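Asker: Protein chains in written order, with the working numbering: chain A, 176 to 403; chain B, 176 to 403.
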DNA sequence: CGGCGGCTTGATCGGTCTCAAGTACGGTGG
DNA sequence: CCACCGTACTTGAGACCGATCAAGCCGCCG
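1. Since residue 245(B) is in the beta strand (DSSP E), which residue starts that stretch and which ends it?
2. To the nearest angstrom, how far is it from the Cα of residue 256(B) to the Cα of residue 342(B)?
3. Between residue 245(A) and residue 357(A), which are expected to be in contact by the criterion C-beta below 8 angstroms, what is the C-beta distance as a whole number of angstroms?
4. Do you know offhand how far residue 297(B)'s Cα is from residue 304(A)'s?
5. According to DSSP, is residue 347(A) helix, strand or coil?
6. What are the boundary residues of the beta strand (DSSP E) that residue 215(B) is part of?
7. Measure the Cβ-Cβ separation of residue 278(A) and residue 217(A) and say whether it is below 7 angstroms.
8. Helix, strand or coil for residue 319(B), going by three-state DSSP, please let me know.
9. Answer yes or no: does any C-beta atom of chain A fall closer than 7 angstroms to that of residue 303(B)?
10. Using a Cβ-Cβ cut-off of 7 angstroms, state whether residue 325(A) counts as contacting chain B.
11. Counting only C-beta atoms, is residue 200(B) closer than 7 angstroms to chain A at any point?
12. Determine which residues of the segment 289 to 303 of chain B have a Cβ less than 8 angstroms from any Cβ of chain A, and write them out in chain order.
13. Using a C-beta to C-beta distance shorter than 8 angstroms, which residues of chain A count as neighbours of residue 315(B)?
14. Taking all protein chains shown into account, decide if residue 331(B) is buried (16 or more other Cβ within 10 angstroms of its Cβ) or exposed.
15. Measuring CB to CB, does residue 428(A) end up less than 7 angstroms from residue 333(A)?
16. Let me see if you follow: with CB-CB separation under 7 angstroms, is residue 364(B) close to chain A or not?
17. To the nearest angstrom, report how far apart residue 249(A) and residue 325(A) are at their CA atoms.
18. For a test of the three-state rule: what should DSSP assign to residue 306(B), helix, strand or coil?
19. Which term fits residue 197(B), buried or exposed, when burial requires 16 or more other beta carbons within 10 angstroms of its beta carbon?
20. Check the Cβ-Cβ distances between residue 398(A) and every residue of chain B, and say whether any is below 7 angstroms.
21. In this structure, what does DSSP give as the bridge partners for residue 252(B)?
22. Where does the unbroken alpha helix (DSSP H) through residue 378(B) begin, and where does it stop?
23. Among 363(A), 275(A), 394(A), 379(A), which residue has its Cα nearest to the Cα of residue 327(B)?
24. Going straight from the alpha carbon of residue 349(A) to that of residue 381(A), what length do you get?
25. How about residue 328(B): is its C-beta nearer than 7 angstroms to some C-beta of chain A?
26. In whole angstroms, what separates the C-alpha of residue 316(A) from that of residue 323(A)?
27. For the segment 282 to 291 of chain B against the segment 219 to 235 of chain B, are there 3 or more C-beta pairs whose distance is under 8 angstroms?
28. Leaving out the 5 sequence neighbours to the left and right, which residues in its chain are closer than 7 angstroms to residue 280(A) when beta-carbon positions are compared?
29. Apply the 10 Å Cβ neighbour rule to residue 200(A) and answer buried if 16 or more other Cβ atoms are within range, or exposed otherwise.
30. Report, in whole angstroms, the separation of the C-beta atoms of residue 318(B) and residue 312(A), which I expect to be a contact under 8 angstroms.
31. Hey, would you say residue 223(B) sits closer than 7 angstroms to residue 361(B), going by beta carbons?
32. Have a look at residue 390(B) and residue 299(B) and give me their C-alpha separation to the nearest angstrom.
33. Bridge partners for residue 284(A) per DSSP, in chain order?
34. Taking only beta-carbon positions, decide if residue 196(B) is within less than 7 angstroms of chain A.
35. Could you name the residues of chain B that residue 322(A) contacts, counting a contact when the two beta carbons are closer than 8 angstroms?
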């Protein structure tokens with residue numbers, strides 16, 4: 176894991192980017208978070224928060240991409256989620272983060288103090304409802320991810336591609352922000368197996384790989400057929 | 176899958192058991208649910224709700240045990256969770272159930288109309304907060320389960336045993352309500368692998384198996400050492 | 001040009017699945 | 001009481017998928 180010459184490690188650090196109003200309407204909290212917080216920049220591979228730290232803040236991706244991850248005892252890494260622009264992360268059941276969060280690429284993140292939102296919620300009761308909604312969405316995402324993990328390697332990679340095809344801005348091809356290692360840890364596979372699955376999908380003409388991070392979905396039906 | 180000579184399939188069916196006040200304090204919703212709903216009985220292997228049905232109700236286990244599950248395209252079954260007395264289930268991100276729920280053993284379940292709770296929430300704003308808390312707990316549980324699924328078979332079974340040891344009433348030994356097939360589908364393994372893992376734990380003196388459903392944890396440290 | 005990191009490809013190993021018996025237990029009927 | 005049965009569980013042998021180990025390849029940057 177590379178060293179992080181990071182810009183802001185703690186949420187009190189200098190905000191390098193002005194808040195950007197997102198066009199995404201996926202989450203109602205969006206506005207509230209931006210009201211309550213400031214924007215920060217994180218360099219590639221920098222930690223945004225650590226596993227076990229107290230979950231005092233909520234985060235929203237403005238640009239870039241974020242992974243949440245956790246190391247198992249034997250050094251293996253598990254990635255719980257990828258967050259793309261518009262996504263909210265940092266929601267926890269307890270006051271402690273279960274996984275740590277890291278920037279996958281240079282990213283701008285809006286940070287809001289959780290307690291500030293709760294205070295806001297006292298006046299506008301809708302905020303609690305919105306926090307609940309966001310948590311429920313996260314729950315659904317994790318449930319879906321759980322289903323992934325009981326499938327075969329080929330199925331997992333196909334599912335991953337379909338997920339990304341929905342979430343990434345797509346013009347013909349999509350540009351993956353994450354490395355093969357990230358994908359492997361997300362899917363519970365090795366990089367070799369991920370790579371082989373991708374080339375196999377390519378030879379079957381389901382996808383094309385102009386470059387290793389750029390993927391064209393040629394046959395969406397073939398992909399979904401692999402989803403078990 | 177056996178046929179279900181079930182007592183109540185829809186929440187409007189006759190409640191055979193009077194509401195029982197639970198001593199569990201694991202969830203604040205507990206009281207509200209019981210206020211808003213009535214108790215029902217479900218026989219072993221009966222469906223409580225189906226995948227895709229609208230999620231109009233919340234449920235609380237009074238006695239017995241419940242599994243939520245989903246069938247994959249090729250017939251494999253995935254179990255998302257086991258719910259024991261005191262647990263709340265049926266919370267969803269959307270208005271549709273992602274998985275179906277079935278009674279593992281004859282069970283008594285308290286059912287509350289979701290809309291009734293939301294109405295209640297209009298007066299007592301705490302209810303929304305409690306719904307949020309329950310959802311967050313569920314999220315944490317699923318995250319934990321996700322971590323399970325990337326471990327080895329031996330680790331998964333050991334983790335499962337430790338989870339059950341915490342949740343089941345224990346006096347020396349614990350009595351599992353679920354079958355080996357249930358465990359296998361919960362852990363993403365086959366019954367044979369589950370069985371082999373258990374006997375291996377027994378030969379290593381980590382557990383004892385007086386009967387197949389009754390398990391004594393002999394060496395908790397040995398189990399947790401296997402958790403990776 | 002050389003070197004390095006990220007990715008692909010190949011050969012082998014091992015863990016889990018699959019298929020197939022064998023065993024323990026509970027219930028039912030004689 | 002036992003004989004019988006069906007279900008749930010265990011155990012064994014072999015196949016297969018994905019991990020591991022080990023080269024090679026590619027793009028990028030100095």
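From the three backbone atoms N, C-alpha and C, an ideal C-beta is built for every residue, glycine too.
Values in this document were obtained by computation on a predicted structure and should not be read as measured data.
Answerer: Checking against the coordinates, here is how it stands:
1. The residue labelled residue 245(B) in the question sits at position 70 within the second chain. 232 to 246 is the extent of the beta strand (DSSP E) around residue 245(B).
2. In the second chain, residue 256(B) corresponds to position 81, counting from 1. In the second chain, residue 342(B) corresponds to position 167, counting from 1. Cα to Cα, residue 256(B) sits roughly 13 angstroms from residue 342(B).
3. As a position in the first chain, residue 245(A) is number 70, starting the count at 1. As a position in the first chain, residue 357(A) is number 182, starting the count at 1. The Cβ separation is near 13 angstroms, so there is no contact.
4. Numbered from 1 along the second chain, position 122 holds the residue referred to as residue 297(B). Numbered from 1 along the first chain, position 129 holds the residue referred to as residue 304(A). Going from the Cα of residue 297(B) to the Cα of residue 304(A) covers about 11 angstroms.
5. Position 172 of the first chain, counted from the start, is the residue given in the question as residue 347(A). Looking at residue 347(A) - three-state DSSP - the assignment turns out to be coil, as it is neither helix nor strand.
6. Residue numbering aside, residue 215(B) sits at position 40 when the second chain is read from its first letter. Note, residue 215(B): beta strand (DSSP E), 213 to 217.
7. Here residue 278(A) refers to the residue found at position 103 of the first chain. Here residue 217(A) refers to the residue found at position 42 of the first chain. Yes. Within cutoff.
8. Stepping through the second chain from its first residue, residue 319(B) is reached at position 144. Reduced to three states, the DSSP call for residue 319(B) is helix.
9. Here residue 303(B) refers to the residue found at position 128 when the second chain is read from its first residue. True, the Cβ-Cβ gap to chain A drops below 7 angstroms.
10. Residue mapping note: residue 325(A) aligns to position 150 of the first chain, counting from 1. Yes, its Cβ sits closer than 7 angstroms to a Cβ of chain B.
11. Counted from its first residue, the second chain places residue 200(B) at position 25. In this prediction, residue 200(B) has a pLDDT of 41, which is less than 50 and means its spatial position is unreliable; nothing more can be read from the coordinates.
12. Against chain A - using a Cβ distance shorter than 8 angstroms - the residues of the segment 289 to 303 of chain B are 300, 303.
13. If you number the second chain from 1, residue 315(B) lands on position 140. Scanning chain A for C-beta atoms nearer than 8 angstroms to the C-beta of residue 315(B) yields 267, 268, 269, 273, reported in chain order.
14. Position 156 of the second chain holds residue 331(B). Flag for residue 331(B) reads buried.
15. This structure leaves residue 428(A) out entirely; chain A is present only between 176 and 403.
16. Residue 364(B) sits at position 189 when you count from the first residue of the second chain. So no, residue 364(B) is outside the interface.
17. Counting from one through the first chain, the residue named residue 249(A) turns up at place 74. Counting from one through the first chain, the residue named residue 325(A) turns up at place 150. Residue 249(A) and residue 325(A) have their C-alpha atoms spaced approximately 21 angstroms apart.
18. Within the second chain, the letter at position 131 stands for residue 306(B). Residue 306(B): helix per DSSP, three-state reduction.
19. Counting from 1 along the second chain, the entry for residue 197(B) is found at position 22. Model confidence at residue 197(B) stands at a pLDDT of 36, short of 50, so the residue's coordinates are unreliable; what they give is reported in the following sentence. It is buried - the Cβ of residue 197(B) has at least 16 other Cβ atoms within 10 Å.
20. Here residue 398(A) refers to the residue found at position 223 of the first chain. Residue-level contact check: residue 398(A) does not touch chain B, since none of the beta carbons of chain B fall below 7 angstroms from its beta carbon.
21. In the second chain, counting from the first residue as 1, residue 252(B) sits at position 77. Beta-bridge analysis with DSSP links residue 252(B) to 246(B).
22. Sequence index remark: in the second chain, residue 378(B) carries index 203 (1-based). Under the DSSP assignment, residue 378(B) falls in the alpha helix (DSSP H) whose first and last residues are 366 to 378.
23. Numbered from its first residue, the second chain carries residue 327(B) at position 152. Considering only alpha carbons, the answer is 363(A).
24. The residue labelled residue 349(A) in the question sits at position 174 within the first chain. The residue labelled residue 381(A) in the question sits at position 206 within the first chain. Going by the C-alpha atoms only, they are around 14 angstroms apart.
25. For the purposes of this step, residue 328(B) is taken as the residue at position 153 of the second chain. Under the 7 angstroms criterion on CB atoms, residue 328(B) is classed as non-interfacial with respect to chain A.
26. Against the first chain, residue 316(A) aligns to sequence position 141. Against the first chain, residue 323(A) aligns to sequence position 148. Each residue's alpha carbon lies about 11 angstroms from the other.
27. Yes, the segment 282 to 291 of chain B is in contact with the segment 219 to 235 of chain B.
28. Stepping through the first chain from its first residue, residue 280(A) is reached at position 105. Result list for residue 280(A): 219, 239, 240, 352, in chain order.
29. In the first chain, residue 200(A) corresponds to position 25, counting from 1. Because residue 200(A) sits at a pLDDT of 41, beneath the cut-off of 50, its placement in the model cannot be relied upon, and the following sentence gives the value as read from the coordinates. Flag for residue 200(A) reads exposed.
30. The residue labelled residue 318(B) in the question sits at position 143 within the second chain. The residue labelled residue 312(A) in the question sits at position 137 within the first chain. Incorrect: roughly 14 angstroms between the Cβ atoms, too far for contact.
31. In the second chain, the residue the question calls residue 223(B) occupies position 48. In the second chain, the residue the question calls residue 361(B) occupies position 186. Not in contact: residue 223(B) and residue 361(B) (Cβ atoms no closer than 7 angstroms).
32. Sequence index remark: in the second chain, residue 390(B) carries index 215 (1-based). Sequence index remark: in the second chain, residue 299(B) carries index 124 (1-based). If you take the alpha carbons of residue 390(B) and residue 299(B), they lie about 44 angstroms apart.
33. For this step, residue 284(A) is matched to residue 109 along the first chain. Residue 284(A) is bridged to 215(A), 236(A).
34. As a working note, residue 196(B) is residue 21 in the second chain. For residue 196(B), the predicted model reports a pLDDT of 36, less than 50, meaning its position is unreliable and no value from the coordinates is stated.
35. To locate residue 322(A), count along the first chain from 1; it is residue 147. Close partners of residue 322(A) in chain B (Cβ separation under 8 angstroms): 245, 247, 253.
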